[in-house]
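Colleague: Before anything else, here's the structure in question.
4 protein chains.
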Amino acid sequence: MSEFDVGRSKRAREAFSLDDIAVVPSRRTRDAEDVNLNWQIDAYQFEHPIISAPMDSIASPESVVTISNLGGLAVLDVEGLWTRYEDPSEAYQQIRSKLHDNSVLQKFYSKDIQEALIIQRIEFLKSAGVTVAVALSPERTLQFHSLMSKAGVDIFVIRGTTLSAEHVSTKSQTLNLKELIYEIDAPVIAGGVASYKAALHLMRAGAAGVLVGFGGGASHTSTDVLGLRVPMATAISDVAAARREYLDESGGRYVHVIADGSMGKSGDMVKALACGADAVMVGSPLARATDAPGLGFHWGREATHSTLPRGQVVEFGTVGTLAEILRGPSRVADGTMNLVGAVAKSISLCGYTDLKEFQRVEIIAS
Amino acid sequence: MSEFDVGRSKRAREAFSLDDIAVVPSRRTRDAEDVNLNWQIDAYQFEHPIISAPMDSIASPESVVTISNLGGLAVLDVEGLWTRYEDPSEAYQQIRSKLHDNSVLQKFYSKDIQEALIIQRIEFLKSAGVTVAVALSPERTLQFHSLMSKAGVDIFVIRGTTLSAEHVSTKSQTLNLKELIYEIDAPVIAGGVASYKAALHLMRAGAAGVLVGFGGGASHTSTDVLGLRVPMATAISDVAAARREYLDESGGRYVHVIADGSMGKSGDMVKALACGADAVMVGSPLARATDAPGLGFHWGREATHSTLPRGQVVEFGTVGTLAEILRGPSRVADGTMNLVGAVAKSISLCGYTDLKEFQRVEIIAS
Amino acid sequence: MSEFDVGRSKRAREAFSLDDIAVVPSRRTRDAEDVNLNWQIDAYQFEHPIISAPMDSIASPESVVTISNLGGLAVLDVEGLWTRYEDPSEAYQQIRSKLHDNSVLQKFYSKDIQEALIIQRIEFLKSAGVTVAVALSPERTLQFHSLMSKAGVDIFVIRGTTLSAEHVSTKSQTLNLKELIYEIDAPVIAGGVASYKAALHLMRAGAAGVLVGFGGGASHTSTDVLGLRVPMATAISDVAAARREYLDESGGRYVHVIADGSMGKSGDMVKALACGADAVMVGSPLARATDAPGLGFHWGREATHSTLPRGQVVEFGTVGTLAEILRGPSRVADGTMNLVGAVAKSISLCGYTDLKEFQRVEIIAS
Amino acid sequence: MSEFDVGRSKRAREAFSLDDIAVVPSRRTRDAEDVNLNWQIDAYQFEHPIISAPMDSIASPESVVTISNLGGLAVLDVEGLWTRYEDPSEAYQQIRSKLHDNSVLQKFYSKDIQEALIIQRIEFLKSAGVTVAVALSPERTLQFHSLMSKAGVDIFVIRGTTLSAEHVSTKSQTLNLKELIYEIDAPVIAGGVASYKAALHLMRAGAAGVLVGFGGGASHTSTDVLGLRVPMATAISDVAAARREYLDESGGRYVHVIADGSMGKSGDMVKALACGADAVMVGSPLARATDAPGLGFHWGREATHSTLPRGQVVEFGTVGTLAEILRGPSRVADGTMNLVGAVAKSISLCGYTDLKEFQRVEIIAS
């Protein structure tokens, strides 16, 4: 960790984004077909390490089934439009028509969440036979988790802008993640975190996976609004070091490092894996799907905050189906199609055969 | 302080702007409601550390009262339009209509300042019951300060592009800040400064607060015109070191470090506080208010200089009321609304409870 | 090689692109006419070191003859349009009309390569009396090389995105470059490589020249799609070190280092030579020729990939004839005309007399 | 001088442009009126250190007189339009109408230079009573210098893209600058140079002043065309070190360091002086004058080269008269007016009183 003086009374650590780095091919090459992209967390196996983020722009009950059937883990937001509205199509339509005004988002997301709809959405996923993964905010986890466990959720994702194992509050009940994770009888993926220490605490609290980054489509605006920034290459590498530390201190418990956000192109996902991520959670690349519910529009939950929204509705347009975006074939050359194929190709050009090995690949910065 | 060779006969110090750095959340998080943003200078207490700059685009007697009632310190420029014109509305209108030509500014600001108007404006503020803070240029402080003290000014701000405790002149009377501050029977905030030494001298001269930076809306053009630049992150950190040094040598006198300029978004204010500022003086964020006198147009006093103007009239447009900009709720995601809420939120995500503690937060540079 | 921590578990090497560096004139100057630009590989001599890339946008049988007659080495792609179509003019026309959609390229390049056309194109070049150089992909070299040897090819170029001397495959026959080069009774130029080790292995496998970089017009998109990047200044310098190592271990065999790609202007070529390249292979500069088959449009073979295209058709427009672009006179000031004259001028201003000497010139980075 | 590895076989020096640096005000401030900007070379005294470059866009015989009368040194190009045409107004008009095509420049500058016109232009300047300074290319100095000496030239400027004291040629007569300068019975300013060694050689050859940089309006395109770049902050500092070295070895001969090019704004001139320049030669800032012959259009001599032009005609538009641009008052805030006033103001804010002292000012880089 190289540090330097910002001034006479403050030091800063040098940190790197994914744009700052790149992978360099090593001397041996392989066939992309020989690369094994399998990823497994707890008892759940997936054909590739690209997880779809719990964002309403990409995750409807239907699209979650589609993405799951394409071999990946797909997460539904149970605090989004689908549990507030029986039929959210009116909300989707109005959100798409008001790009630069967060008050429309604020309005539609102020409606109460209905327990009946939560159960209905989970049952839909269960009946489709896919791994049922849902996302909750830290604030609502206490309220809803037992309901969901009963409904049959396989994987819980607790996801906030910054999640800590030690949230302190004088007014609300303090969230004790350790007790909570112990109570939840399912693997918990928790985040976002941006540092070694924060990650290590989540691991000690029992998380099966740790989300690195802010995710939620707000990574660009978090700096503008909050002055916070997660340089992803550095953060992933730090959290990967926490994984190794915890692996040792726990006597062999391997907690997954999942990069979350700031990865708009397949090349970014390759870089995240190269920095030590076990899997990547992506939003905007899937928002370009013709069969994603946002129809080319994209937003995150932070953008719906009632008093301090971060991020807004962005129009990406569409490039192809979820199947084409994830598995190809690609018709474009900008890293937005055939994400799985691109990851396999890159790993093969560097001469590696699986994700874990690839974490050792050489990288450059410039 | 890392230095390097620019060439064989010149060394330069590496310096950082606020854009170069960001805050990194630490492991503990808190509720934003539990963050105490109180700021106090001398006997004057404020609910938050955001000071409105003495610029005609944002500070009329009326808006100063509004901003004060929203919990902050607001400063009136007593060398601006409001002390040159009984009714400056014609000046405001023409300035807004001639964006790129400083000669309109030069014309309206060449009118003489009227002592009667100074007194009238101060009395207006006094009668509104707010803390009366006025700004003078170094050149005119000698001329006007006793008049103002009598009129009841609470806080004096002496603000120039670069203020030194030792201005040397062969023609005009040399400004002896130390004697002057001793004479003024009120706390004096003085600046701008950009270095440890300059700040330490102002502290020794008796300043209650030191302004760091050029402020005045001209920070971008100072480099073009004068070749000068204040890298704010470095400057704040340097002046914070001077604060510590002076605290020791004075046996406990705490001089406030106030970042002035280069902070257009709430995230920038967070970074300035993280670098060691006790408070921030802002202009452009408030120029976006529908109830600021500039109505979305913004300019600083340097832009009115008769022979070497720096900065010009900029049209920002409006985003909301002063109340919404300062206290929220925000409807946008770009750091221009709910400034106080954003600062509290960021401090809470990093696990701190007050401004002084937050100066220790970890930062990264990239 | 300076390395630093990206994070707690990953280090990166600092790497430089050609844009990051520049040549600095040394104290002596010369006449450009006194600079000797001759370049020789194996028994083949050329008047200058600028090689035209095997890309359909610039290399038709006719333009290969033109470029050869202007003193340089020109390479024909024998897996491109000219060996798939007796008359490819319809393909050229449609490709030019569909700029941003790689599916047109994918369609035209999916047609089978015809052996008869390979022979016909080679015979055309032979009858024109020029050095016959053809490019093959690593995958097809085994299939076609003996046919081509018989047809009279002088120089073979084996060119892929990343070529290794040790490609490992479980499904197809593993390409053993060493045996293959031994079999081919002609000098083989092979690449691209991006590292010291990869280059050294190709040299040991018998390559007469090594291509540094990805070439193929896809250098920009390789980062987007694959996360790979070749910082050319660093890569050339690394491969030049491999040349010196191999020169020693082989007891005097000098393998040519050929920069391939990322050189759009004559100044870029100068920088590549300054970093240690013996010659440069260029595409886009020649795509601006009125007598290039692409008529101002440019694309590489990677852009035609059936499932994961990289790079697309780019419209550059035309600036002059191949003769004017290569040998001048120039009518423009952007480094796109009189490439040979610019290289000579630059070498002369730095006081050197030939290409080999010029590899010692001082460079700066900023 | 910090150096680093570009790759395994090449090192580069870190170098800085004027944009990379800025001046930081020191603790003392002064009145701008107390700053002495006088500059003297040999027996010739000037009121300020801003020299107008020998470029046809800014220097006609008339404008040279105007600029001289405003207190500065103005140089006429005796190889430009004014010595090729009795009345160059037709050339000026056509050049202005064909912005992006260097062939118009090439045409008008291919006409022969007439000795009679050289004498006529010099006599015009002499009769106006100004310091007569003319610029020659290295190639033509031998041919014309005695003619000009007789005609009464006070200061000679020998200016080429890169000038060396040791130009080597097999075909033309080698230019021996040392003998030539000895022969010329007037102070010679020579350049451009970009390095310590090249500057030291020119000093030893007898130059009274050394031009640092490429000048001529082609600094941006030299990198594109030739791969050359002069990072001005580093180059000025290096040449200032050569000045000190030569001052010692010559026993007290002070050779002036004149920054030439890359200074479009007054702030850039301040930075150049801060890096160690004694004076600055500028082109583009004066091309914005309503009474400059280019009428807002600007080009350098390199742009007229018959086979390898660098730089082109650029339209800047006009901002004011030469008097306003040089001496103010300014009506704009972008560093293009009141250049002399801006330099004085900046020096005063940093607390210095003359140009030589100001070379010690602190700078930062970011």
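So the protein sequences, as listed, match chains U, S, B and Y. Going by this note's numbering, the first sequence opens with residue 1, and the numbers climb by one from there. Going by this note's numbering, the second sequence opens with residue 1001, and the numbers climb by one from there. Going by this note's numbering, the third sequence opens with residue 2001, and the numbers climb by one from there. Going by this note's numbering, the fourth sequence opens with residue 3001, and the numbers climb by one from there. Every residue, glycine too, gets a C-beta built ideally from N, C-alpha and C. Quick caveat, the model's predicted, so the values are computed rather than measured.
Of the choices Glu-2139/B, Leu-2226/B and Gly-2227/B, whose alpha-carbon is the least far from that of Ala-2190/B?
Modeller: Taking only the C-alpha atoms, the option nearest Ala-2190/B is Glu-2139/B.
Colleague: Can you tell me the Cα-Cα spacing of Thr-1234/S and Phe-1016/S, whole angstroms?
Modeller: Computed Cα separation, rounded: 5 Å.
Colleague: Kindly indicate if chain U contains any beta-carbon less than 7 Å away from that of Arg-2159/B.
Modeller: Chain U contact via Cβ: absent.
Colleague: I want to verify the contact list: residues of chain Y whose CB lies under 7 Å from the CB of Pro-1285/S, in sequence order.
Modeller: Result: empty, since nearest Cβ-Cβ is about 21 Å, beyond 7 Å.
Colleague: Mind the definition here: the region 96 to 115 of chain U touches the region 300 to 318 of chain U only if three or more C-beta pairs lie below 8 Å; say whether that holds.
Modeller: The region 96 to 115 of chain U vs the region 300 to 318 of chain U: in contact.
Colleague: Any beta-carbon of chain S closer than 7 Å to the one on Gly-3341/Y?
Modeller: Closer than 7 Å: yes.
Colleague: According to DSSP, simplified to helix, strand and coil, what is Ser-68/U?
Modeller: In the structure shown, Ser-68/U sits in a helix (DSSP, three-state: H, G or I).
Colleague: Could you work out which residues of chain B lie near Ala-274/U, taking near to mean beta carbons separated by less than 9 Å?
Modeller: Simply Lys-2010 and Gly-2227.
Colleague: Please report how far the alpha carbon of Ser-2222/B lies from the alpha carbon of Asp-334/U, in whole angstroms.
Modeller: Taking the straight line joining both Cα atoms gives about 9 Å.
Colleague: Could you run through the region 301 to 314 of chain U and flag, in chain order, every residue whose CB is less than 9 Å away from some CB of chain S?
Modeller: Under the 9 Å Cβ criterion, the region 301 to 314 of chain U contributes Glu-302, Ala-303, His-305, Ser-306, Thr-307, Leu-308, Pro-309, Arg-310, Gly-311 and Gln-312.
Colleague: With a floor of 3 residues, list each beta strand (DSSP E) that falls wholly inside the region 2032 to 2103 of chain B, ordered by position along the chain.
Modeller: Within the region 2032 to 2103 of chain B, the complete beta strand (DSSP E) runs of at least 3 residues are 2039 to 2041, 2044 to 2046, 2050 to 2052 and 2075 to 2077.
Colleague: Report yes if the C-beta distance between Ala-2241/B and Leu-3308/Y is below 7 Å; otherwise report no.
Modeller: Result no, Cβ atoms of Ala-2241/B and Leu-3308/Y do not sit closer than 7 Å.
Colleague: May I have the straight-line CA-CA distance separating Val-255/U from Phe-2297/B, to the nearest angstrom?
Modeller: Between Val-255/U and Phe-2297/B, the C-alpha separation is close to 50 Å.
Colleague: Around the C-beta of Gln-3114/Y, are 16 or more other C-beta atoms found within 10 angstroms, so that it is buried, or is it exposed?
Modeller: It is exposed - the Cβ of Gln-3114/Y has fewer than 16 other Cβ atoms within 10 Å.
Colleague: Which residue wins for smallest C-alpha separation from Lys-2197/B, given the options Lys-2010/B, Gly-2328/B, Ile-2236/B and Val-2340/B?
Modeller: Selected option, being the one with the closest Cα: Ile-2236/B.
Colleague: Using a C-beta cutoff of 7 Å, does Ile-325/U count as contacting chain B?
Modeller: Ile-325/U does not count as touching chain B.
Colleague: In the DSSP assignment, find the unbroken alpha helix (DSSP H) run with Arg-204/U in it and report its ends.
Modeller: Arg-204/U -> alpha helix (DSSP H) spans 196 to 204.
Colleague: Are at least three pairs of beta-carbons, each pair with one atom in the region 1002 to 1011 of chain S and one in the region 134 to 151 of chain U, less than 8 Å apart?
Modeller: Judged by Cβ distances under 8 Å, the region 1002 to 1011 of chain S makes no contact with the region 134 to 151 of chain U, as fewer than three pairs qualify.
Colleague: Taking the straight line between their C-alpha atoms, what separation do you get for Arg-3159/Y and Asp-3077/Y?
Modeller: The straight-line gap from Cα to Cα measures roughly 10 Å.
Colleague: Could you check where the beta strand (DSSP E) with Asp-2005/B kicks off and where it finishes?
Modeller: 2003 to 2007 is the extent of the beta strand (DSSP E) around Asp-2005/B.
Colleague: At a Cβ threshold of 7 Å, is Ala-2091/B touching chain Y?
Modeller: Answer no: the Cβ-Cβ gap between Ala-2091/B and chain Y never drops below 7 Å.
Colleague: Is the beta carbon of Gly-2080/B sitting closer than 7 Å to the one on Asp-2101/B?
Modeller: It is not a contact, given that the beta carbons lie outside the stated cut-off.
Colleague: Could you tell me which chain U residues have their CB closer than 8 Å to the CB of Phe-2124/B, listed as they occur along the chain?
Modeller: Under the 8 Å cutoff, chain U gives no residues; its nearest Cβ is about 32 Å from Phe-2124/B.
Colleague: Considering Cα atoms alone, identify which of Cys-2350/B, Met-2269/B and Gly-2294/B is closest to Pro-2049/B.
Modeller: Selected option, being the one with the closest Cα: Met-2269/B.
Colleague: Are the beta-carbon atoms of Met-2232/B and Ser-2266/B separated by less than 7 Å?
Modeller: No, Cβ-Cβ distance for Met-2232/B and Ser-2266/B is not below 7 Å.
Colleague: For Arg-288/U and Thr-336/U, what's the separation of their Cα atoms in angstroms?
Modeller: Going from the Cα of Arg-288/U to the Cα of Thr-336/U covers about 8 Å.
Colleague: Under 8 Å between beta-carbons, which chain S residues line up against Asn-3338/Y? List them in chain order, please.
Modeller: Going along chain S in sequence order, the residues near Asn-3338/Y (Cβ under 8 Å) are Thr-1307 and Leu-1308.
Colleague: Do you know whose CA, among Val-225/U, Tyr-352/U, Phe-4/U and Leu-125/U, lies nearest Ser-1330/S's CA?
Modeller: Looking at the Cα atoms, Val-225/U is the closest of the given residues.
Colleague: Listing by chain order, which chain Y residues have their CB less than 9 Å from the CB of Arg-1013/S?
Modeller: The contacting residues are Val-3024, Glu-3362, Ile-3363, Ile-3364 and Ala-3365.
Colleague: Report yes or no: do the region 1202 to 1212 of chain S and the region 1174 to 1194 of chain S share at least 3 C-beta pairs separated by less than 8 Å?
Modeller: The answer is yes - the region 1174 to 1194 of chain S touches the region 1202 to 1212 of chain S, with three or more Cβ pairs under 8 Å.
Colleague: What residues are listed by DSSP as bridge partners for Asn-1338/S?
Modeller: In the DSSP output, where bridge partners are listed per residue, Asn-1338/S has none listed.
Colleague: In terms of DSSP beta bridges, what is Val-2212/B paired with?
Modeller: Val-2212/B is bridged to Val-2193/B and Ala-2259/B.
Colleague: Using Cβ-Cβ distances below 7 Å, what residues of the region 2051 to 2073 of chain B are close to chain U?
Modeller: Hits within the stretch: zero.
Colleague: From the DSSP output, in three-state form, read off Arg-2380/B for me.
Modeller: The structure shown does not extend to residue 2380/B, since chain B is modelled only from 2001 through 2366, so no value can be given for it.
Colleague: Am I right that Ile-119/U and Gly-283/U are in contact with their C-beta atoms under 8 Å? What's the rounded C-beta distance?
Modeller: Their Cβ separation, rounded to whole angstroms, is 25 Å, which puts Ile-119/U and Gly-283/U out of contact at 8 Å.
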